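> Chains A and B are the protein sequences, given in the same order. For the first sequence, position 90 matches number 91 in my numbering, and the numbering has no gaps at all. For the second sequence, position 253 matches number 256 in my numbering, and the numbering has no gaps at all. For each residue, glycine too, the CB sits at the ideal point set by N, CA and C. Remember, predicted model here, so these are calculated numbers, not experimental data. Mind looking over this structure? Questions follow.
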Amino acid sequence: MHMLKIDNLHARVEGKEILKGLSLTVNPGEVHAIMGPNGAGKSTLGNVLSGREGYEVTEGTVSFGGQDLLALEPEERAAVGVFLAFQYPVEIPGVNNTYFLRAALNAQRKFRGEDELDSMRFLKLVREKLKIMQISDELLHRAVNEGFSGGEKKRNEIFQMAVLEPKLAILDETDSGLDIDALKQVAEGVNALRSPARSFLVVTHYQRLLDYIEPDFVHVLAGGRIVESGDKNLALKLEAEGYAWLADKHPHLRKADLAGEAA
Amino acid sequence: MNESENMTREVAAPVRDNAEVVEALNRRYEAGFVTDIESTSLPPGLNEDIVRQLSAIKGEPEWMTEWRLAAYRHWLTMPEPDWAKLDIGPIDYQSVSYYSAPKAGPKSLDEVDPKLLETYEKLGVPLHERAKLAGVAVDAVFDSVSVGTTFRKELAEAGVIFCSMSEAIREHGDLVRQYLGSVVPVGDNYFAALNSAVFSDGSFVFIPKGVRCPMELSTYFRINAMNTGQFERTLIVAEDDSHVSYLEGCTAPMRDENQLHAAVVELVALDRAQIKYSTVQNWYPGDENGVGGIYNFVTKRGDCRGVSSKISWTQVETGSAITWKYPSCVLRGDHSVGEFYSVALTHHRQQADTGTKMIHIGKGTKSKIVAKGISAGRSSNSYRGLVKIEKGADGARNYTQCDSLLIGKKCGAHTFPYMEVKNPGAIVEHEATTSKISDDQLFYCLSRGIGEEDAVSMIVDGFCKQVFRELPMEFAVEAKKLLEVSLEGAVG
Ligand SMILES: Nc1ncnc2c1ncn2[C@@H]1O[C@H](COP(=O)(O)OP(=O)(O)OP(=O)(O)O)[C@@H](O)[C@H]1O
Ligand SMILES: [Mg+2]
């Protein structure tokens, strides 16, 4: 059975159609990399899947483990196992990072009819997960993302993912802004979380990340659709040649769709 | 000598039994009282006779009666203020009854409005407290007398006086007379003058030299605290080298049919004394359309009279239809310190105009102001602060931080910082921010599984952290819950 099945998805933001018939199927345990020029709609896809307000689905379906994902509220999508690691993680001043994470985990558990974790059990879990994604004690106790460096924010996202144990993780440019060592650590964290029951959508601009997180499939998102799919060699080709060559293959794509910042 | 003066004499001796007094009075003023088995009230209206009768019912000494009358006469000469950024309908002072003895409340929880109980439950108020707050006769529920007694014994051993203002006037007349009105003079402002004339009750605290009060003093534990009425009067005196932390108010919505709440709080800190005064105010705010609710006009002032003394105000204001309140510090003693930490939340059609005044008179005086305003619905939330540095206040310093958080598009936040600096060496710093709960923050929380209302209260709680940190632990927890309840329905 598939984990995620997106069929002919159309979505608009502020009245403008961004996704124009996107289809994609992800099976349990698979890692799919999604690449594509700036403004192609990669983050939009993540936002639509997570149920962000203002992202209006006009056509198409999304099934998550057989369930109609689009019918769920954003917090319910989180509870059934969808996790979005933000391209730009958000700061919440004054809210303790660990407190936030515990509130999130318990809200999800409550929704699923599981018992809530008291602080002792939660702390134990945190300690365990720190082995997967190391972040400092100091960051654990600071306000959510407040004053974190770009790299620290991204690590914090992966740490949250480790604790929340989603079924489907969407990583939106988690590699951007990371130095080489941090990139390796983040990739190791992700790899440690790979399992036959967990799938990943990895949005990236750089094939370098895929050296560390080896994808099962690589897709190109352009003009609001998946226009090309392949294995990891596709990423190497994109790295070498850019996106322009896709224009010959897909005459319906406008030049602007491939040049970044679609008009 | 007219009849009522005569009357006052006759009952001037400390008389505790109201019924007895009332009976005596009733014989002469047949029409003057509405007396039934359960309650005693003065008829609506305000004049000198009413002031005398009030004083008589309370068995006050003559100096007190005269003090009230002087305040009343002064009040008559004062125009009603209208400068605050508030939209106030006319208040008819002649339609208010200025004394209403405790009414018998509901006899059991079954008789209490279920909606009210539901709110208490949400606030996590323990069951016996819920009953007390709902006005159920307390002794029927738990033994408040014994709680009160152990409490009193411990305080008495430390030499601390903590009692109702009525009792203090009778039992500690000299102390009260020495300090009452010494911080907020009778004619200070319209509502202070009114309060001075007709205050019904309140708290009196006296901490003798060198004593660190052995516990947090809270109106929760003061017997009859729930019935202090709409014109409360509180006086706290901390002698040299003493410490006290006082918690005021009720963390759950009190039912109150009265419209006007005009309290006066005076604090006096002598040499090196420290007073910390925390308030959680949650009077009835009126409904979504602004119908009903309390007009909360409170004068709170602390006098750092002694050298190196310190007065710290912390307030969380979520209730009342209209709030008009500026807890202030007069930094008279050299090197004295004043602090003001405030969270004011308005929702629906509430209006709040609140802030502080820091008056630097002594050398090396310091003040710090952290004010957080949260507005939701169609409410209006104003910060109004004055920092005044007098000529002789060499080396005075002030730091002010005002942050406003807006929820929704129809509310308003305003900041009015006034500064009067007469000493060129003083350092006055001011920072102000206005922000909205951003869609980004909200979605971040939602995407982690946190529901919308919880997300909003979490963000708001974070915004208030700096102030909540100043509250005693249990109070902080309740303040947080209170914000949650007050913000219900603010988004979505
Ligand atoms: N909230 C929004 N309001 C207006 N336009 C938006 C909004 N979100 C996305 N868009 C527009 O939709 C298009 C796709 O944006 P999106 O962020 O999904 O691109 P992307 O593929 O993630 O790009 P990048 O690689 O630069 O991150 C862009 O033209 C963008 O301006
Ligand atoms: Mg993007």
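Determine, using beta carbons only, whether Leu165 of chain A comes closer than 9 Å to chain B.
Here the question's residue 165 of chain A lines up with position 164 in the first sequence. Closer than 9 Å to some Cβ of chain B, the Cβ of Leu165 of chain A qualifies, so yes.
> Restricting to Cα atoms, I'd like to know which of A:Ala86, A:Lys168, A:Leu194, A:Asn192 is closest to Cys448 of chain B.
Numbered from its first residue, the second sequence carries residue 448 of chain B at position 445. Closest by alpha carbon: A:Ala86.
> According to the neighbour-count rule (16 or more other Cβ atoms, all chains shown, within 10 Å of its Cβ), is Ile496 of chain B buried or exposed?
The structure shown does not extend to residue 496 of chain B, since chain B is modelled only from 4 through 495, so no value can be given for it.
> What are the residues of the stretch 439-450 of chain B that lie near chain A, defined by any Cβ-Cβ distance shorter than 9 Å?
Listed by position along the chain: Ser441, Asp442, Asp443, Gln444, Leu445, Phe446, Tyr447, Cys448, Leu449, Ser450.
> Taking only three categories from DSSP, how would you classify His142 of chain A?
Here residue 142 of chain A corresponds to residue number 141 of the first sequence, with the count starting at 1. His142 of chain A falls in the helix class under three-state DSSP.
> Listing by chain order, which chain B residues have their CB less than 7 Å from the CB of Val305 of chain A?
With chain A covering only 2 through 264, there is no way to say anything about residue 305 of chain A.
> Exposed or buried, which one is Arg387 of chain B when buried takes at least 16 other CB atoms within 10 Å?
For this step, residue 387 of chain B is matched to residue 384 along the second sequence. The residue is buried, with at least 16 neighbouring Cβ atoms inside 10 Å.
> With 9 Å set as the bound, which would you pick, yes or no: does the beta-carbon of Pro38 of chain A sit closer than that to a beta-carbon of chain B?
By 1-based counting over the first sequence, the position of residue 38 of chain A is 37. No, because no Cβ of chain B sits closer than 9 Å to the Cβ of Pro38 of chain A.
> Hey, Ile171 of chain A and Phe112 of chain A are a contact pair by Cβ (cut 8 Å); roughly how many whole angstroms apart?
Within the first sequence, numbered from 1, the residue matching residue 171 of chain A stands at position 170. Within the first sequence, numbered from 1, the residue matching residue 112 of chain A stands at position 111. Not quite, the Cβ-Cβ distance comes to about 19 Å (not below 8 Å), so this is no contact.
> Considering only residues of the stretch 176-214 of chain A, which uninterrupted beta strand (DSSP E) runs meet the minimum length of 3 residues and lie entirely inside it, listed in chain order?
Those beta strand (DSSP E) runs which fall completely within the stretch 176-214 of chain A and span 3+ residues are 200-204.
> Against Gly95 of chain A, what residues of chain B qualify as contacts under a CB-to-CB distance less than 8 Å, listed in chain order?
The residue given as residue 95 of chain A occupies position 94 in the first sequence. Ordered by position in chain B, the residues that pass the 8 Å Cβ test against Gly95 of chain A are Asp464, Gly465, Phe466, Cys467, Lys468, Gln469.
> So, does the CB of Glu491 of chain B fall closer than 9 Å to a CB anywhere in chain A?
Locating residue 491 of chain B in the second sequence gives position 488, where the first residue counts as 1. No, Glu491 of chain B does not count as interfacial toward chain A.
> If you draw a straight line from the alpha carbon of Tyr334 of chain B to that of Lys360 of chain B, how long is it in whole angstroms?
Locating residue 334 of chain B in the second sequence gives position 331, where the first residue counts as 1. Locating residue 360 of chain B in the second sequence gives position 357, where the first residue counts as 1. Contrary to the premise, residue 334 of chain B reads as Leu rather than Tyr in this sequence. Computed Cα separation, rounded: 10 Å.
> Measuring alpha carbon to alpha carbon, tell me which residue in A:Asp173, A:Leu237, A:Ala183, A:Arg143 is nearest Phe201 of chain A.
Stepping through the first sequence from its first residue, residue 201 of chain A is reached at position 200. Checking every option, the nearest Cα to that of Phe201 of chain A belongs to A:Asp173.
> Counting only Cβ pairs nearer than 8 Å, list the residues of chain A close to Met461 of chain B.
The residue given as residue 461 of chain B occupies position 458 in the second sequence. Ile93, Val96, Phe101, Ala104, listed in chain order.
> Select from B:Thr436, B:Ser185, B:Tyr249, B:Gly367 the residue whose C-alpha is nearest the C-alpha of Gln277 of chain B.
Position 274 of the second sequence, counted from the first residue, corresponds to residue 277 of chain B. That would be B:Tyr249, whose Cα lies nearest to the Cα of Gln277 of chain B.
> Apart from the five residues on each side of it in sequence, which residues of its chain come closer than 7 Å, Cβ to Cβ, to Arg308 of chain B?
Residue 308 of chain B sits at position 305 when you count from the first residue of the second sequence. Contacts found: Val271, Ala272, Leu273, Arg335, Gly336.
> Using the rule of at least 16 other Cβ atoms within 10 Å of the residue's Cβ for burial, across every protein chain shown, is Arg255 of chain A buried or exposed?
By one-based count along the first sequence, residue 255 of chain A stands at place 254. Classification of Arg255 of chain A: exposed, given that the 10 Å Cβ count is below 16.
> Can you find a C-beta in chain B that's less than 9 Å from the C-beta of Trp246 of chain A?
Locating residue 246 of chain A in the first sequence gives position 245, where the first residue counts as 1. By this cut-off, Trp246 of chain A is not an interface position.
> Rounded to whole angstroms, what's the CA-CA distance from Gly152 of chain A to Asp180 of chain A? Just pull it up for me.
Start at 1 with the first residue of the first sequence, and residue 152 of chain A comes out as number 151. Start at 1 with the first residue of the first sequence, and residue 180 of chain A comes out as number 179. The alpha-carbon atoms of Gly152 of chain A and Asp180 of chain A are separated by roughly 8 Å.
> Can you tell me where the alpha helix (DSSP H) holding Val164 of chain A begins and where it ends?
Residue mapping note: residue 164 of chain A aligns to position 163 of the first sequence, counting from 1. Here the alpha helix (DSSP H) through Val164 of chain A covers 151-165.
> Pull up the distance between the alpha-carbon of Leu222 of chain A and that of Met422 of chain B, whole angstroms please.
Mapped onto the first sequence, residue 222 of chain A falls at position 221. Mapped onto the second sequence, residue 422 of chain B falls at position 419. Cα to Cα, the separation comes out at about 58 Å.
> Rounded to whole angstroms, what's the CA-CA distance from Leu269 of chain A to Lys484 of chain B? Just pull it up for me.
There is simply no residue 269 of chain A to check, as chain A begins at 2 and stops at 264 in what is shown.
> Does any residue of chain A bring its CB to less than 9 Å from the CB of Gly452 of chain B?
In the second sequence, residue 452 of chain B corresponds to position 449, counting from 1. Taking Cβ atoms only, chain A reaches closer than 9 Å to Gly452 of chain B, which makes this a yes.
> Spatial neighbours of Glu33 of chain B within its chain, please: C-beta separation below 6 Å, excluding the five flanking residues on both sides.
The residue you call residue 33 of chain B lines up with position 30 of the second sequence. Only weak support is given to the placement of Glu33 of chain B: the predicted model assigns it a pLDDT of 31, under 50, and the value that follows is read from those uncertain coordinates. Taken in chain order, the list of residues that qualify is empty.
> Rounding to the nearest angstrom, what Cα-Cα distance links Val390 of chain B and Tyr102 of chain B in this structure?
Here the question's residue 390 of chain B lines up with position 387 in the second sequence. Here the question's residue 102 of chain B lines up with position 99 in the second sequence. So the two alpha carbons sit approximately 37 Å from each other.
> Using beta-carbon positions only, say whether Ser385 of chain B and Thr418 of chain B come within less than 9 Å of one another.
The residue you call residue 385 of chain B lines up with position 382 of the second sequence. The residue you call residue 418 of chain B lines up with position 415 of the second sequence. Contact flag set, yes.
> I want to verify the contact list: residues of chain B whose CB lies under 9 Å from the CB of Arg53 of chain A, in sequence order.
In the first sequence, the residue the question calls residue 53 of chain A occupies position 52. The contacting residues are Asp442, Phe446, Leu449, Ser450.
> If the cut-off is 9 Å on Cβ atoms, which residues from the stretch 188-204 of chain B count as contacting chain A, listed in chain order?
Of all residues in the stretch 188-204 of chain B, none has a Cβ within less than 9 Å of some Cβ in chain A.
> From which residue to which residue does the alpha helix (DSSP H) around Ser438 of chain B run?
Within the second sequence, residue 438 of chain B is the residue found at index 435, counting from 1. No alpha helix (DSSP H) holds Ser438 of chain B; the beta strand (DSSP E) holding it covers 430-439.
> Would the beta-carbon of Val58 of chain A be found less than 8 Å away from any heavy atom of ligand 1?
Indexing the first sequence from 1 puts residue 58 of chain A at position 57. No.
> Measuring alpha carbon to alpha carbon, tell me which of B:Ser382, B:Ile239, B:Ser345, B:Tyr96 ends up nearest His351 of chain B.
Residue numbering aside, residue 351 of chain B sits at position 348 when the second sequence is read from its first letter. Among B:Ser382, B:Ile239, B:Ser345, B:Tyr96, the Cα nearest to that of His351 of chain B belongs to B:Ser382.
> Using beta carbons (cut-off 9 Å, strictly below), is Glu76 of chain A in contact with chain B?
Looking up residue 76 of chain A in the first sequence gives position 75. Glu76 of chain A counts as touching chain B.
> Using 8 Å as the cut-off, classify the Cβ of Lys43 of chain A as near or not near the heavy atoms of ligand 2, replying yes or no.
Locating residue 43 of chain A in the first sequence gives position 42, counting from the first residue. Flag set: Cβ of Lys43 of chain A near ligand 2.
> Should Gln135 of chain A be labelled buried (16 or more other beta-carbon atoms within 10 Å of its own) or exposed?
Here residue 135 of chain A refers to the residue found at position 134 when the first sequence is read from its first residue. By the neighbour-count rule (16 or more Cβ atoms within 10 Å), Gln135 of chain A is not buried but exposed.
> Answer with yes or no whether the minimum CB distance from Phe84 of chain A to chain B is below 9 Å.
As a working note, residue 84 of chain A is residue 83 in the first sequence. With 9 Å as the cut-off, Phe84 of chain A counts as an interface residue toward chain B.
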